[in-house]
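One structure is given here, and the rest of the page talks about it.
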Amino acid sequence: MTQVASPAPVLTRLGAIVRAARDARPLTSLSGDQLAMGLSGLCLVHCLASTVLFASIASVGVAFDNHLFHEIGLIIAIGFALITLVSGVLSHGYMMPFAVGSFGLGMMAGALSRPHDGSEVLATMIGVAVVALGHDLNRRARH
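Numbering-wise (the working numbering), the sequence shown opens with residue 95 and increments by one.
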């Protein structure tokens, strides 16, 4: 006589998936800090991908050597920082997230003046990571 496996483990996993989907927050309920951290991640992906692209296709590097794109990105990052980090200081009173985020923004701004020898990518990525840390500290301080 053959035994058929019980459907209980499958139903348990399906139930866990349904509960996780039900408890998930919609995109509109993300905090500004979480959104800014996501954008920081996209910035890191952009930095890594463009470095690999330009290293593999050196002739295209001159065509995409436009500082305006990075200056606009810095302005957007400063805007998110002003909105989320300053509102965080006003709501929880801790200056550390604001100070860390501001330091990261300063590193990003300083990276714009670096020569295009790879050091600007490294400085930008470190600055973006520090800004993301400031947003994470701000998010944790709110809860």
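All C-beta atoms in this analysis are idealised placements derived from N, C-alpha and C, irrespective of residue type, glycine included.
*asked:* Helix, strand or coil for G173? Go by DSSP, reduced to three states.
replied: The answer is helix: DSSP assigns G173 an H, G or I state.
*From D230 to E214, what does the alpha carbon distance come to, in whole angstroms?*
Rounded to the nearest angstrom, the two C-alpha atoms are 24 Å apart.
*So what does DSSP say about H164, is it helix, strand or coil?*
The three-state reading of DSSP puts H164 in helix, counting H, G and I together.
*Where does D230 sit, in a helix, a strand or coil, going by DSSP?*
In the three-state reduction of the DSSP assignment, D230 falls in the helix class.
*Check whether the Cβ of E214 sits closer than 7 Å to any heavy atom of the ligand SAH, and report yes or no.*
What this structure holds is no ligand at all, so the ligand SAH is not there to describe.
*Leaving out five residues on either side along the sequence, give the residues of the same chain with a beta carbon under 8 Å from the beta carbon of S196.*
Taking S196 as the centre and dropping the five residues before and after it, the same chain places the C-beta of A175, L179, G228 closer than 8 Å to its C-beta, in chain order.
*Tell me, to the nearest whole angstrom, how far the beta carbon of V225 is from that of L199; I am working on the premise that it is less than 8 Å.*
Taking the Cβ atoms as the reference, V225 lies roughly 6 Å from L199, within the contact range of under 8 Å.
_With 16 other Cβ atoms within 10 Å as the buried cut-off, status of D127_ = Burial call: buried.
*asked:* For a quick check, are the C-beta atoms of L168 and A130 less than 8 Å apart?
replied: Not a contact, by the Cβ cut-off of 8 Å.
*Can you give the Cα-Cα distance for S144 and P209, rounded to whole angstroms?*
Taking the Cα positions, S144 is about 16 Å away from P209.
*Ignore the nearest five residues each way along the sequence and tell me which others in H237's own chain have a CB closer than 7 Å to its CB.*
So no residue of the chain qualifies.
*asked:* Taking its Cβ as the centre, do 16 or more other Cβ atoms sit within 10 Å of A157, making it buried, or is it exposed?
replied: With a pLDDT of 47 at A157, under the threshold of 50, the modelled position of this residue cannot be trusted; read the value that follows with caution. Counting Cβ neighbours within 10 Å, A157 comes out exposed, since fewer than 16 surround it.
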